[in-house]
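> The structure follows.
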């Protein structure tokens with residue numbers, strides 16, 4: 001009963017924190033399935049363009065690390081696959097003093113130093129050592145100490161959106177309808193159902209099902225903005241889910257959490273969750289702010305071992321993070 005209660009409360013937090021799709025990959029390494037996600041033999045010495053850490057930045061980061069940060073991760077493990085694929089990671093910071101929830105979205109292709117490993121993409125940290133290594137990697141590269149992680153299975157996204165009655169999104173043209181439908185067809189094929197089930201019919205603003213919204217958040221290929229565009233759409237879906245959640249009562253949120261608790265994993269103890277839950281419910285009408293990492297003009301694109309990565313200027317990145325998290 002204690003474990004059930006703990007899981008339900010963790011699920012409440014997962015719902016309240018608006019989980020985005022496919023946030024990270026599974027711990028088990030599938031030698032065939034993860035090749036496209038991580039660099040097998042990188043280890044190249046990269047100039048991260050680090051400037052000297054000044055006293056002001058050190059003071060700002062010290063203030064940042066007085067806050068509580070929750071790393072949101074997830075598993076994209078669909079039927080027929082041994083493991084999941086990594087996608088996006090989000091750090092949620094709860095600012096009760098100013099009634100805000102701040103979200104830092106970390107792009108998976110950021111090239112980082114991974115403790116005990118060679119340099120690699122950020123998403124590789126989870127593959128090699130789960131959420132614990134991912135948290136250590138984030139702290140080493142960006143100066144943020146992560147207290148907790150809460151994760152969900154990829155399937156939770158579509159189910160959650162359907163349980164909320166769908167969300168309204170806008171598709172710009174028939175071209176993007178085709179991109180979204182290609183993802184839906186791929187998923188339908190894996191599920192062994194009619195490949196044309198649940199396809200979008202036209203562009204424009206429309207109420208999307210969970211399946212459609214999930215595909216909207218996932219498509220990347222054939223678009224000019226690639227992974228940057230996908231990350232932006234994922235944040236848009238998060239905002240839409242958040243808007244729906246703010247309309248629910250505490251009892252409705254709890255029921256929603258119970259229905260999805262099997263897809264939640266966390267390092268939060270029962271005591272942690274019990275202490276955090278009231279604060280989260282108090283912030284159900286909070287303002288939501290977001291920042292993407294790497295920040296504009298704070299990185300360069302480079303090819304390492306034949307794969308495209310984003311090389312951050314870590315000092316500029318930490319300055320942007322500190323400013324974002326400490327401003328009222």
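In the numbering used here, the protein residues as written are 1 to 328. Where is the CB? At the ideal position from N, CA and C, for every residue including glycine. None of these values were measured; they are calculated from a predicted model.
In the DSSP assignment, the beta strand (DSSP E) including residue 204 goes from what residue to what residue?
From DSSP, the beta strand (DSSP E) with residue 204 extends over 204-208.
> Report the residue from 250, 325, 89 and 295 whose alpha carbon sits nearest the alpha carbon of residue 311.
Cα-wise, what sits closest to residue 311 is 295.
> Here's the rule: buried if 16 or more other CB atoms are within 10 angstroms of the residue's CB, otherwise exposed. What is residue 207?
Exposed, by the Cβ-count rule.
> In the structure shown, what three-state DSSP assignment does residue 120 receive?
Looking at residue 120 - three-state DSSP - the assignment turns out to be strand.
> Could you pull out every residue in the same chain whose Cβ sits closer than 6 angstroms to the Cβ of residue 185, ignoring the five residues on either side in sequence?
These residues qualify, in order along the chain: 195.
> What is the rounded straight-line gap between the Cα of residue 61 and the Cα of residue 297?
Whole-angstrom Cα-Cα distance: 21 angstroms.
> Where does residue 133 sit, in a helix, a strand or coil, going by DSSP?
Helix at residue 133.
> Could you give the DSSP three-state label for residue 201: helix, strand or coil?
Of the three classes helix, strand and coil, the one that applies to residue 201 here is coil, per DSSP.
> Using a 10 Å radius around the Cβ and a threshold of 16 neighbouring Cβ atoms, would you call residue 301 buried or exposed?
Classification for residue 301: exposed.
> If you check the beta carbons only, do residue 69 and residue 180 fall under 8 angstroms apart?
The answer is no: Cβ separation not under 8 angstroms.
> Pull up the DSSP beta-bridge partners for residue 93, would you.
Paired residues: 69 and 102.
> DSSP on residue 295, reduced to helix/strand/coil?
Note: residue 295 maps to coil in three-state DSSP.
> Check residue 304 in the structure and name its three-state DSSP category.
Strand, per DSSP.
> So, helix, strand or coil for residue 149, using DSSP?
Here residue 149 sits in strand by DSSP.
> Let me know the secondary structure DSSP gives residue 236 once reduced to three states.
Helix, per DSSP.
> Would the segment 211-222 and the segment 161-172 be scored as touching if the rule is three or more Cβ pairs under 8 angstroms?
Judged by Cβ distances under 8 angstroms, the segment 211-222 makes contact with the segment 161-172, as three or more pairs qualify.
> Quick check on residue 248: does DSSP put it in helix, strand or coil?
Residue 248 falls in the coil class under three-state DSSP.
> Assuming residue 164 is part of the alpha helix (DSSP H), what are its boundary residues?
Segment: none, residue 164 is in no alpha helix (DSSP H) and carries neither H nor E.
> Assuming residue 264 is part of the beta strand (DSSP E), what are its boundary residues?
Unbroken beta strand (DSSP E) run through residue 264: 264-266.
> So residue 372 and residue 89 are supposed to be a Cβ contact under 8 angstroms. How far apart are they, rounded?
Summary: the structure shown does not reach residue 372, with the chain confined to residues 1 through 328, and so no result is reported for it.
> Looking at the strands, I want to know which residues DSSP matches up with residue 309.
The partner list for residue 309 (beta bridge, DSSP) reads 302.
> Which residues does DSSP list as the beta-bridge partners of residue 288?
Residue 288 is bridged to 101.
> Looking at the structure shown, is residue 40 part of a helix, part of a strand, or coil, going by DSSP?
Note on residue 40: pLDDT 44, under 50, position unreliable in the model; the coordinate value appears next. Of the three classes helix, strand and coil, the one that applies to residue 40 here is coil, per DSSP.
> Return helix, strand or coil for residue 170, following the three-state DSSP convention.
Strand at residue 170.
> Compute the distance between the beta-carbons of residue 150 and residue 263, then report whether it is under 8 angstroms.
No, Cβ-Cβ distance for residue 150 and residue 263 is not below 8 angstroms.
> At the level of alpha carbons, what is the spacing between residue 249 and residue 258?
Rounded to the nearest angstrom, the two C-alpha atoms are 14 angstroms apart.
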